[in-house]
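All remarks here apply to the structure that follows.
Protein chains: 2
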Amino acid sequence: MSMIQPVRGTRDFYPEDMAFRSWLHGKIRSVSEAFGYQEYDGPFLERLELYAAKSGEELVKEQAYVFKDRGGSEIALRPELTPSLARMVAQHGKAVLLPLRWWSFGPFWRYERTQKGRSREFFQWNIDLIGVDTPAADAEVVAVGASLLKAVGLTPELIRIKVNNRRLVESQLGNLGISGQMLGKTFQVIDRREKMDAAAWRAYASDQGLSETQLEGLEEMLGDLNAWKRSEELVSFFASTDALGVSEFVEYDPTIIRGLDYYTGTVYEARDVAGNHRAILGGGRYDDLVSAVGGDPISATGFAMGDVVFQLVLEESGALPEIRSNPANFFVTTFDDESTEESMRLATELRSAGFRTEWYPEAVRLPRQFKYADRQGIPFTLILGPEEIQNGTVAVKDMHTGEQENVAREELITYLERLL
Amino acid sequence: MSMIQPVRGTRDFYPEDMAFRSWLHGKIRSVSEAFGYQEYDGPFLERLELYAAKSGEELVKEQAYVFKDRGGSEIALRPELTPSLARMVAQHGKAVLLPLRWWSFGPFWRYERTQKGRSREFFQWNIDLIGVDTPAADAEVVAVGASLLKAVGLTPELIRIKVNNRRLVESQLGNLGISGQMLGKTFQVIDRREKMDAAAWRAYASDQGLSETQLEGLEEMLGDLNAWKRSEELVSFFASTDALGVSEFVEYDPTIIRGLDYYTGTVYEARDVAGNHRAILGGGRYDDLVSAVGGDPISATGFAMGDVVFQLVLEESGALPEIRSNPANFFVTTFDDESTEESMRLATELRSAGFRTEWYPEAVRLPRQFKYADRQGIPFTLILGPEEIQNGTVAVKDMHTGEQENVAREELITYLERLL
Chain A
45 MSMIQPVRGT RDFYPEDMAF RSWLHGKIRS VSEAFGYQEY DGPFLERLEL YAAKSGEELV
105 KEQAYVFKDR GGSEIALRPE LTPSLARMVA QHGKAVLLPL RWWSFGPFWR YERTQKGRSR
165 EFFQWNIDLI GVDTPAADAE VVAVGASLLK AVGLTPELIR IKVNNRRLVE SQLGNLGISG
225 QMLGKTFQVI DRREKMDAAA WRAYASDQGL SETQLEGLEE MLGDLNAWKR SEELVSFFAS
285 TDALGVSEFV EYDPTIIRGL DYYTGTVYEA RDVAGNHRAI LGGGRYDDLV SAVGGDPISA
345 TGFAMGDVVF QLVLEESGAL PEIRSNPANF FVTTFDDEST EESMRLATEL RSAGFRTEWY
405 PEAVRLPRQF KYADRQGIPF TLILGPEEIQ NGTVAVKDMH TGEQENVARE ELITYLERLL
Chain B
45 MSMIQPVRGT RDFYPEDMAF RSWLHGKIRS VSEAFGYQEY DGPFLERLEL YAAKSGEELV
105 KEQAYVFKDR GGSEIALRPE LTPSLARMVA QHGKAVLLPL RWWSFGPFWR YERTQKGRSR
165 EFFQWNIDLI GVDTPAADAE VVAVGASLLK AVGLTPELIR IKVNNRRLVE SQLGNLGISG
225 QMLGKTFQVI DRREKMDAAA WRAYASDQGL SETQLEGLEE MLGDLNAWKR SEELVSFFAS
285 TDALGVSEFV EYDPTIIRGL DYYTGTVYEA RDVAGNHRAI LGGGRYDDLV SAVGGDPISA
345 TGFAMGDVVF QLVLEESGAL PEIRSNPANF FVTTFDDEST EESMRLATEL RSAGFRTEWY
405 PEAVRLPRQF KYADRQGIPF TLILGPEEIQ NGTVAVKDMH TGEQENVARE ELITYLERLL
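Protein sequences, first through last, are from chains A and B.
Numbering-wise, my numbering comes out as the position in the first sequence, counting from 1, plus 44.
Numbering-wise, my numbering comes out as the position in the second sequence, counting from 1, plus 44.
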C-alpha cells in the first residue's frame with residue numbers, strides 16, 4: 045500500500061527534534077523558576093465561546109480549528125492559552141493566592157498558510173503575572189523574556205523587545221479625533237502596517253474609515269520615538285526594566301499594538317533586528333479578560349512565545365548549541381544465544397548501580413553491535429562471551445580509543461564508576 | 045456574564061496538578077533512559093486513515109475525535125501513538141538505525157463515558173522497541189514498565205503484569221475449530237469477558253457465532269494456567285523477565301488478549317491485584333503495523349500507560365509522595381514605593397547569583413507580603429527598607445523560626461549560600 049502522509053503543518057519529533065524541544069522546555073523552566081513562576085497547563089480542548097469573548101475575529105473565525113464533538117458542542121483546539129488561564133483563575137475565585145505567577149509550555153493549533161517559520165501545530169511558552177496592575181509587573185514579565193534570550197545566547201544586537209502602551213495610543217488617537225468604534229479598527233490598521241506594502245496599507249486605512257488628515261497624523265504618530273515620555277506607565281515601566289538589568293533589550297516602538305482584542309495597557313513584542321521574521325514573542329496587559337470569562341475583575345499581564353520562529357532565529361544566529369538526546373552510559377553486547385540471559389543480568393546489574401545501560405537484544409555479529417553503539421554515541425561497550433563468563437570477567441571497550449580491558453566481575457561497578 | 049465552563053472530560057492543571065504530571069514525566073524519563081530509550085513525539089493531529097489501517101473499529105468509529113479541517117481532510121485527534129510511530133519509522137525508511145528504542149509522554153483524546161479513572165483528554169507514556177522479533181525484546185519492554193512501578197513504590201502485592209501470546213491463543217482456538225474470520229471475533233469475545241457479567245458475555249459469544257461446544261472449550265482454555273509452557277515464545281519471555289529481575293511482577297494470564305487489532309504475538313497488561321480499575325498499562329508485539337502504513341516490514345513491541353488510572357492507583361496505595369511545584373529560594377519584599385526599584389535590583393542580584401528569587405510587585409503592608417511568601421512555601425524573605433538602604437544592609441527573615449538578621453549587602457550572597 046502507499047505511504048500514509050502526516051497532516052500538513054504538523055511536525056514529527058524524531059529524537060533529535062525532541063531533544064531541541066526538551067532543551068527549550070528546560071531553559072524556559074529554569075528562567076521562569078528563577079523569577080518564582082509555577083508551571084501549570086490548561087486543557088487542549090476548550091469551548092469556542094471562550095475565545096469569542098475577547099480574542100478577536102481573525103483568531104476565532106479564520107485560524108481556530110473548530111469542530112462539533114459527538115455530543116454536539118462546538119469545541120476549539122486551543123489557538124492560545126490566555127483565555128484558558130483567565131477561565132482557570134475565574135473558576136478558582138477566592139481560592140487563588142494573588143499575585144499569581146504561572147508559566148506553561150505546550151501545543152497550540154492555528155490554521156495558517158504553512159511556510160518557513162509557521163506551522164499549524166506549534167509549541168508555545170506562556171507566562172503571566174496576575175493580580176497586580178503596576179508597570180513594574182509588566183516589566184518583570186518582559187525581564188523574564190529577556191532572561192531567556194540571554195540564557196540561550198541571543199544578544200540585543202540580534203533581538204529587541206519593542207514596547208508600546210494602548211492607553212498612550214488611545215490618547216494619541218484621541219488627538220486625531222479617533223475614538224469609540226474607530227479605535228479598534230485603527231488598532232488593526234496599526235497592527236497591519238508591517239504586513240502590507242505602503243500603498244496597500246494606506247488603502248486599507250482609508251477603507252477602515254480614516255480620513256486623509258487622520259492618516260497623515262497617524263503616520264506622524266508612528267514615527268514619534270519620544271511619545272513614551274508622556275506616558276507615566278511607560279516611564280515607570282522603563283525605569284523597572286532598567287532596575288531588572290534588561291534595558292539593553294527593551295525599546296519604545298510606537299508601531300507596536302498587537303493583534304488580540306483583549307490588551308488594555310502596555311504591549312510588546314520581540315523582533316529580530318534584521319527584520320527577517322515574525323514576532324518571536326508577544327504580549328501585554330489584559331485587565332478585563334478574567335471578568336470577560338465570568339470571574340471577578342483581576343488585572344493581568346503576560347506573553348506567549350512560539351517555538352518555530354524562536355528555533356529559526358537561534359539557528360541563524362549560530363547560537364544553537366549541538367543538542368543531542370541522552371545516550372546510555374554503557375552498552376552491553378550479546379555474544380551468542382547461550383549468553384543472552386547472562387548479558388541481560390549484567391545490564392540489570394549496571395542499571396541497579398545507577399548507570400543508563402543499553403543492551404543489544406539479539407545475538408548478531410559483534411562488529412554490527414559495536415557500530416550500533418558507536419552511532420548511538422555510547423562511549424563504552426561491555427562484552428560477555430563464554431570465556432569471560434568462565435573467568436568471571438567482563439571485557440570493557442572504550443569506543444573512542446578502541447582499547448579493551450578485562451575487568452573482574454566483582455570490581456566492575458567500581459571500575460565503571462571511574463570511567464564516567 | 046456567566047462563567048464559561050471547561051469541556052467535559054478535560055482537566056485543568058493548576059500548579060499542584062502540574063507538579064504531579066511533571067513528576068510522573070520525570071520518573072518515566074529516568075526509567076526509560078536507564079534502558080537507553082530516546083524521547084520522541086508524533087503530531088497530535090493525524091489523518092483518520094492512519095488508524096483505520098489497524099487500530100480496530102471501536103477506537104476509530106466510536107472513540108476518536110474526528111473532524112474535517114478547513115481544507116476538507118478528515119483529521120483525528122490522536123487516540124493512540126503506535127500508528128504515528130509506525131508511520132514515522134516507515135517514512136524514515138533506511139535512515140532509521142535499528143534496533144530503535146523510543147519513548148514519549150503526551151496528550152491523547154478518546155470520546156469515552158467520563159467516570160472515575162477516565163477522562164477524554166489524558167496523558168500517556170508510550171515506549172517501543174522496533175526492529176527485533178525476539179521474546180527477550182518483549183521482556184525488556186515489560187521490564188521497563190515494571191521498573192517504573194518499582195521506582196514509584198508500587199509492589200507486586202499491588203500490581204501484576206499479566207501476559208499472554210496471540211500465536212498461542214490462535215493455536216488453542218484452532219484446536220476448538222476456530223480460525224479465519226472467527227479468530228478476530230473470538231479475540232473480541234475474550235477481550236470483553238471481564239467487561240460483562242457472565243450471562244451477557246455468553247450471549248455475546250453466541251451472537252459472535254461460537255457454538256456451545258466452542259464456548260465450553262473457550263472457558264476451559266481461559267482457566268488453563270499452564271498453557272504458556274507449550275509456547276516457546278512465552279517460555280523464553282519468562283526466562284528473560286527473570287534475567288531482568290522483574291519476575292515477581294509478571295505472570296501468565298490466559299484471559300489477556302488486548303483490544304487493538306494490530307497485535308501479533310506476546311500481549312500484556314498491568315492490573316491492580318484488587319481488581320478495582322481498568323488496565324494501568326497495556327501493550328504487545330505488533331510485527332505488521334509498519335508495513336500496514338506503507339513501510340518495509342519491521343517487527344516491533346511496546347506498550348502505553350495512561351496517567352489517570354496510574355494516579356488513582358498510586359493515591360489508593362498510599363505510595364503517592366507529597367509533590368509540590370518548585371518554590372523560590374528567597375522572597376524579596378517591597379517596603380514602599382520609593383524603594384521598589386532598589387528591591388528589584390536586589391532580586392536581580394540574587395537571580396544572577398543563581399538563586400530562584402520571587403519579588404512582591406507592589407508596596408502593600410509587609411505582613412501581607414510575609415503571609416504570601418509563607419503560603420508559597422518560600423523559606424526566607426528579604427526586607428530592604430529606607431534604614432537598610434542607608435546602612436547598606438538587608439534584613440533576612442527565616443520564615444520557619446521567625447528570626448531576623450541584618451546582613452551587610454556585600455556579604456549577602458555568601459550569607460544566603462549558607463542558608464540553602
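Even for Gly, the Cβ is constructed at its ideal location relative to N, Cα and C.
No experiment lies behind these values; they were computed from the predicted model shown.
Here the C-alpha atom of A:H69 lies approximately 7 Å from the C-alpha atom of A:F149.
When DSSP states are grouped into helix, strand and coil, A:M349 belongs to the strand group. For A:R122, there is no enclosing alpha helix (DSSP H), as DSSP gives it neither H nor E.
For the pair B:Q225 and B:P143, the Cα-to-Cα distance works out to about 33 Å. Contact note: B:F111 reaches chain A through F111, using a C-beta cutoff of 7 Å and chain order.
The beta carbon of B:E83 falls within 8 Å of a beta carbon belonging to chain A, placing the residue at that interface. DSSP places B:N209 in the uninterrupted beta strand (DSSP E) bounded by I203 to N209. Inter-segment contact for the region 197-204 of chain B and the region 167-176 of chain B is absent: fewer than three beta-carbon pairs are separated by less than 8 Å. A distance below 6 Å between beta-carbons, with the five flanking residues on each side excluded, links A:L89 to the following residues of its chain, in chain order: I119. Nearest CB-CB separation between B:I72 and chain A: not below the 8 Å threshold. Just so you know, the alpha carbons of A:K229 and A:V104 end up roughly 17 Å apart. For the 8 Å CB-CB criterion, B:V186 and B:Y307 do not form a contact.
Note that the C-beta distance between A:G189 and A:R145 is not below 8 Å.
For A:V440, the three-state secondary structure derived from DSSP is strand.
Residue range L325 to R329 is occupied by the beta strand (DSSP E) that includes A:L325. Not flagged as an interface residue toward chain B: A:R157, since no C-beta distance is shorter than 8 Å.
According to DSSP, A:A314 shares a beta bridge with A:I205 and A:L325. Judged by beta-carbon spacing, B:A344 lies beyond the 8 Å limit of B:I205, meaning their Cβ atoms are not closer than that value. Only S335, A336, V337, G338 and G339 from the region 335-349 of chain A bring a Cβ to less than 9 Å from some Cβ of chain B. Within the region 269-291 of chain A, contact with chain B at the beta-carbon level (separation under 7 Å) is assigned to A283, S284, A287, L288 and G289. The Cβ atoms of B:A439 and B:L426 lie closer than 8 Å to each other. Per DSSP, the beta bridge partners of A:S148 are A:N170. With respect to A:Y330, A:N208 sits apart: the two C-beta atoms are not nearer than 8 Å.
Residues of chain A with a Cβ closer than 7 Å to the Cβ of B:W245 do not exist; the shortest Cβ-Cβ separation is about 27 Å. One alpha carbon belongs to B:D332, the other to A:Y84, and they sit about 39 Å apart. Between the alpha carbons of B:E156 and B:R162 lies a distance of about 8 Å. If you look at A:V185, you'll find it in the alpha helix (DSSP H) that goes P179 to A195.
Beyond the five residues adjoining it in sequence on each side, A:K98 comes within less than 6 Å, by CB distance, of D305, Y306, L333 and A336 in the same chain, given in chain order.
When DSSP reads this structure, A:F374 sits in a beta bridge with A:T401 and A:F424. In this structure, DSSP gives B:E156 a state outside helix and strand, which the three-state scheme calls coil. For B:Q448, the enclosing beta strand (DSSP E) starts and ends at Q448 to A452.
Annotation for B:R91: the continuous beta strand (DSSP E) segment containing it runs L89 to R91. Residue contact check for B:N370 against chain A: a CB pair falls below 8 Å.
At least 8 Å separates the beta-carbon of B:D56 from that of A:G346.
Check the Cα spacing between A:G328 and each of A:K71, A:S291, A:A183 and A:D241: the tightest is with A:A183.
Boundaries of the alpha helix (DSSP H) harbouring A:F231: Q225 to R236, taken from the DSSP string.
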